[in-house]
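There are 2 protein chains.
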Amino acid sequence: MSTAFTQLVLGLAFRGALCWAKGVNTDPDDQEGTLPGDEDPPAGTLPGDEVSPVTEEIFSSWALFIMLFLLISALWSSYFLTQRRIKAVHETVLSIFYGMVVGLIIRLSPGHYIQDAVTFNSSYFFNILLPPIILNSGYELNQANFFNNIVSILVFAIPGTFISSVVLGVILYIWTALGLESIDISFVDALSVGATLSATDPVTILSIFNAYKVDPKLYTIIFGESLLNDAISIVMFETCQKFHGKPAKFSSLFEGIGLFLMTFTVSLLIGVMIGILVALLLKHTLIRRYPRIESCLVLLIAYESYFFSNGCHMSGIVSLLFCGITLKHYAYFNMSRRTQITVKYIFQLLAQLSENFIFIYLGLSLFTEVELVYKPMLIIITGISICVARWCAVFPLSNFVNWLYRVKARRSMGIYGNDAAIPDEIPYQYQMMTFWAGLRGAVGVALAMGLQGEFKFTLLATVLVVVVLTVIIFGGTTAGMLEVLGIKTGCIDENDESDDEFDIEMPKPIALATGPIASYTDEVPSVEPVSVPISTATANNPLSSDTVQSSSRASLDKQHLRETLSTIFSADSQWFTNFDEQVLKPVFLDSDNSQSGKKSDSSTPNILGNRR
Amino acid sequence: MSTAFTQLVLGLAFRGALCWAKGVNTDPDDQEGTLPGDEDPPAGTLPGDEVSPVTEEIFSSWALFIMLFLLISALWSSYFLTQRRIKAVHETVLSIFYGMVVGLIIRLSPGHYIQDAVTFNSSYFFNILLPPIILNSGYELNQANFFNNIVSILVFAIPGTFISSVVLGVILYIWTALGLESIDISFVDALSVGATLSATDPVTILSIFNAYKVDPKLYTIIFGESLLNDAISIVMFETCQKFHGKPAKFSSLFEGIGLFLMTFTVSLLIGVMIGILVALLLKHTLIRRYPRIESCLVLLIAYESYFFSNGCHMSGIVSLLFCGITLKHYAYFNMSRRTQITVKYIFQLLAQLSENFIFIYLGLSLFTEVELVYKPMLIIITGISICVARWCAVFPLSNFVNWLYRVKARRSMGIYGNDAAIPDEIPYQYQMMTFWAGLRGAVGVALAMGLQGEFKFTLLATVLVVVVLTVIIFGGTTAGMLEVLGIKTGCIDENDESDDEFDIEMPKPIALATGPIASYTDEVPSVEPVSVPISTATANNPLSSDTVQSSSRASLDKQHLRETLSTIFSADSQWFTNFDEQVLKPVFLDSDNSQSGKKSDSSTPNILGNRR
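Next up, the structure:
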């Protein structure tokens, strides 16, 4: 590795020297004409631009080489950290660090070609890097857990983001109005910055949670929140930007809320419709006979939901997320086996690459974005205020959710005993962990690129530094925080219906006959006993019927009470499960595969046991 | 589909109208500032550019939506054509056609944002679209067939491309020198155009050959030629461009040849070294326990070979091709099973998408490249001369190869009977088919983007139209030509050691226990009886030892003679097989897997039977 790194540095230095020797204009003001994507000859022939297309080709090769090299280093470190069981330093922190080191080298070396080619480009981010992550999240989402915790998720995602943005916006506005920093921004701009810094990042925290196998409930709440968060921040930011430079009116608030709800609903519908479209296409054609074409089509149509939704001024993220969920829920069972495997692995691989890439990009940008204006005090104030803002969002809303569940539980069961006997839906440790999980990610930076006005680069620099700081500080301490708070780890997810029969070492030839094949064969018979119709599952489940009876005797311990509550709350979503099973699945799934379609839903009865 | 198309058109019209209403500058001269990749805000704030980042985001979403929509249409048509067994129209022709239709719509609609966003960009082509195709070609290459026909391939690829470029260059130079078209280009520029139009395209022809299961020998020759062709055209073109605007000297010829040979060798070595590096990394680490990281790393390191090689002024295509071959030959056996499957499917999927994308791009470019200058006579002359040039390359060189093999056969066997008894290495039908397979592809267009000088856009337009014409004319008639020439089709490749156990319909639940599992299990025991050490395989092969004896009796019919010749010629490459088996494989392959490593090489004894 070190040899390769030396080569890289030498290569960079060599290129830099070449660039210098050729007298390329190194004036940073000349940058607009030489951004990535401009390498094609028509743009290359701008007056004063003496670099030939071949040289540009070379530079873009080196830029891509560096990027891939950083990705390789990050992945390699990730392997090394996992292998050595080092948990203090996280992969994403290393990605940012590598990005910073190389960013510094690029900044110091003469010539601006590579520097321009590796600049953070919000268009690349939104169109290339973000979709795979969101799609994979939707596709890999544990649907049972997600919909069981939908109330908490929506509360944190919608009012939570709103509170966070407003608190942050107000603090920033007051600070800048004090005039200590000689910057002066309008309230709408402060709110825009608040919105960019309210998008929490799913990547780091969830990879840690995955490694520790944290309690699925906490995992689902934080995951769901951070996913919807992004969508909501984007919509809020865009709404704010529409009011940029105009006097803020009180009616704008309602206009904004209405716009938000409309956007969210329409985007959700677009995603679901496209997912269903894929399911029907696969059902009514013979395309599964050509799995190469089939896998391409599934991938492409999923992406279409993103671009179509964005193109219609809706939220592509929401559409893509729900498209992924719908694909997994219906279309998955109409695919050929090969496509099932291909799609799953490709989504995973693209998401993994994008995640690492994004953090490297962030690190790089700290040095390669030449126009940034860093104001230390503003950065410190912003850093403190995002903690305040998150505190204001998480704790009151957690108490609200707890209160909501307590009221509901009392109403459902009648009042037995005092309130204290009813456990919190979100206990204090979970609240603290949710607060701690509020690190900010690349979505914020990408949004901040769209800021307008005089202090654009000051605000962008602030957002960038704050995001990197949260990832380093909160991301680096999450593992420790899990231990301090005593949160249950090592939970095995029973619903994990994965295709991971290949997640093993290359089988030894001798063991081959019993190794992967055994697991592959085992999977099949195990389908039969569990595939009871869902509608009767609750009755057949000895655990839940037992707990319902014991609860009526009012001699329940906390554990039993929780299970009872789960039963009550999940009964609300039972109507959809029944409707889905009896009406939707026969329509969307291939009749030949309806049996195997039920296979996955064998997990649904286990929902009850899963909400602990 | 038609609804979606209507939406697309409406969407386009709507966007166009919006763009118009906003008074966006539609002057084509203003295009340089608004190329793809420019959508990020720093570039968006050029003076006079009133479009906000949000609007630009919307436009890039629509551009991507259109691209993906075209890809989906092309893939869907491909499914439809295969399903209905329609062979007159080929998928790539349809891709070009769809591209042209949408290009026309975009051209006619007001506003230039989408038009700019979908412009053919040679940087995207070389850095994003081409690598997957080349990597997949190398990875899927039938190594035994390739190295058995290496002589023919190299002859067609190296002197063939050279002859073709020179003939084409001379014809073009003479035509322009006549002064009928009022364009005047130097000889070096004519030679550059010759080089761009000498890169034959592997995509269309090989997908037809695959569908028909054409004789592997013909397949391999055309495949190998078109792969190396691209690399050689690129090197030739770049060499020519270095002499642009300078007086041509005779010594430049030798300089060019020396440069070419050096480039080819170094690139090949880079590719092989990186492939071996991956094999050693996988062997000496435990990374196969983390297949997600492993698959990403294999993919990334393979790409690194491309960018590293390009960055060093070498040929990335050659490096990537040989990196793919080395990966399959060594690294494949050190991977976890999951990575083997992931890598294979991802390479295939990316290659499939890139191929379709490239042809759509070509079609689009005919209308969206606003600066093109079409000169009908020049196009006709160029169209005729590429046929002449290919004729001059294919037929004399085929005769040369035939002569070479005849001499060698006579020397090896002593002279038994007359020359006529020795069959041609490349019979006339194969020569004709090789001539016919000379359609030009996107590499030529991408190279032509790099042309310099006053008549740049005239030459680019000519190259673009000629490429599209060859694909439509030769691509459309290949299937018919195969029948007319009576070329053997429906050959089953015995060496096809594929992972396609999932290339089946989603298994019916009842048949599940016997269906795919049976085939999966079958694969394993079948390894044992064939995995005899390679060094003794020739002796054990009853067919070849039989034919060797019968040849000494000089009572052989043509069929037997051919097999004898194959034995003689392949004996030359036997030393490498032995060296590989006894020295290289133990070093590069994981000792635990050496047994399964041999599994694939069980196909090597079959080489002999395969050269018919």
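Residue numbers (the UniProt record's numbering), protein chains in the order written: chain A, 1 to 612; chain B, 1 to 612. No residue lacks a Cβ here, since even glycine has one placed at the ideal position from N, Cα and C.
Exercise. At a CB-CB cut-off below 7 Å, which residues of chain A make contact with T82/B?
Worked result: Y290
Exercise. Is N495/A helix, strand or coil by DSSP?
Worked result: Because N495/A carries a pLDDT of 47, less than 50, the predicted location of this residue cannot be relied on, and the following value inherits that uncertainty. If DSSP states are grouped into helix, strand and coil, N495/A belongs with coil.
Exercise. So what does DSSP say about R411/B, is it helix, strand or coil?
Worked result: helix
Exercise. Should D184/A be labelled buried (16 or more other beta-carbon atoms within 10 Å of its own) or exposed?
Worked result: exposed
Problem set entry | Residues near L206/A in its chain [Cβ-Cβ closer than 8 Å; skip 5 each side] | Y219, I222, F223, S226
Problem set entry | Local conformation of residue 621/B per DSSP, three classes | Shown here, chain B extends from 1 to 612; a query on residue 621/B therefore has no answer.
For this session: Rank Y361/B, S412/B, M314/B, A331/B by C-alpha distance to the C-alpha of M100/B and give the top, closest one.
Result: Y361/B
Exercise. Straight-line CA distance for I257/B to T92/A?
Worked result: 48 Å
Problem set entry | Proximity test, Cβ basis, 8 Å: E425/A and chain B | no
Exercise. Is the region 314–331 of chain B close to the region 364–372 of chain B, with three or more CB pairs under 8 Å?
Worked result: no
Problem set entry | Meets three-Cβ-pair contact criterion under 8 Å: the region 333–344 of chain A and the region 574–590 of chain A | yes
For this session: State the Cα-Cα distance for the pair L228/A and K217/A, rounded to the nearest angstrom.
Result: 16 Å
Exercise. Between G160/A and W391/A, what straight-line distance do the alpha-carbon atoms span, to the nearest angstrom?
Worked result: 10 Å
Exercise. Counting only beta-carbon atoms, is C240/B nearer than 8 Å to chain A?
Worked result: no
Exercise. For L447/B, which option in Y79/B, V235/B, L104/B, S60/B has the closest C-alpha, if you only look at C-alpha atoms?
Worked result: V235/B
Exercise. Taking the Cβ atom as the reference point for each residue, do L68/B and E56/A lie within a distance shorter than 8 Å?
Worked result: no
Problem set entry | Collapsed DSSP secondary structure at C19/B in the structure displayed | Its pLDDT being 38, under 50, C19/B is placed unreliably by the model, and nothing is read from it.
Exercise. How about H284/B: is its C-beta nearer than 8 Å to some C-beta of chain D?
Worked result: Of the protein chains in the structure, A and B, none is chain D.
For this session: State whether the region 432–450 of chain B contacts the region 462–473 of chain B, with contact taken as three or more CB pairs (one from each stretch) at a distance under 8 Å.
Result: yes
Exercise. Taking only beta-carbon atoms, is G363/A less than 8 Å away from chain B?
Worked result: no
Problem set entry | Touch test, the region 137–155 of chain B against the region 308–322 of chain B, Cβ-Cβ under 8 Å, three pairs minimum | yes
For this session: Reducing DSSP to helix, strand and coil, say where A285/B ends up.
Result: Position check: residue 285/B holds Thr in this sequence, whereas Ala was assumed. It is coil, neither helix nor strand.
Exercise. What's the call for L168/A, buried or exposed, on a 16-neighbour Cβ count within 10 Å?
Worked result: buried
Exercise. Using 8 Å as the threshold, is the region 349–357 of chain A in touch with the region 290–297 of chain B, meaning 3 or more CB pairs across them?
Worked result: yes
Problem set entry | Spatial distance of N578/B from L584/B (CA atoms) | 9 Å
Exercise. With distances taken from CA atoms, which of I472/B, E181/B, A195/B, C491/B is nearest I158/B?
Worked result: A195/B
Problem set entry | Cα-Cα separation between G441/B and L130/B, rounded to whole angstroms | 11 Å
For this session: With hydrogens ignored, establish whether the beta-carbon of P110/B is closer than 7 Å to any heavy atom of the ligand PLP.
Result: The ligand PLP is not part of this structure, which contains no ligands at all.
Problem set entry | Closer than 7 Å at the beta carbon, the chain B residues around F357/A | What F357/A touches in chain B: nothing, since even the nearest Cβ is about 10 Å away.
For this session: Give the secondary structure of T200/A by DSSP, where H, G and I count as helix, E and B as strand, and everything else as coil.
Result: strand
Exercise. In whole angstroms, what is the alpha-carbon distance linking W175/B and F243/B?
Worked result: 21 Å
Problem set entry | R84/B - DSSP class collapsed to helix/strand/coil | coil
For this session: Mind checking who R440/A pairs with in its DSSP beta bridge?
Result: T200/A
Exercise. So, does the CB of C296/A fall closer than 8 Å to a CB anywhere in chain B?
Worked result: yes
Problem set entry | Interface residues of the region 122–155 of chain B facing chain A [CB-CB below 7 Å] | S122, S123, F126, N127
For this session: Please list the partners that H329/B has in chain A, where partner means a Cβ-to-Cβ separation under 8 Å.
Result: By Cβ distance, chain A contributes nothing, its closest Cβ being about 16 Å from H329/B, past 8 Å.
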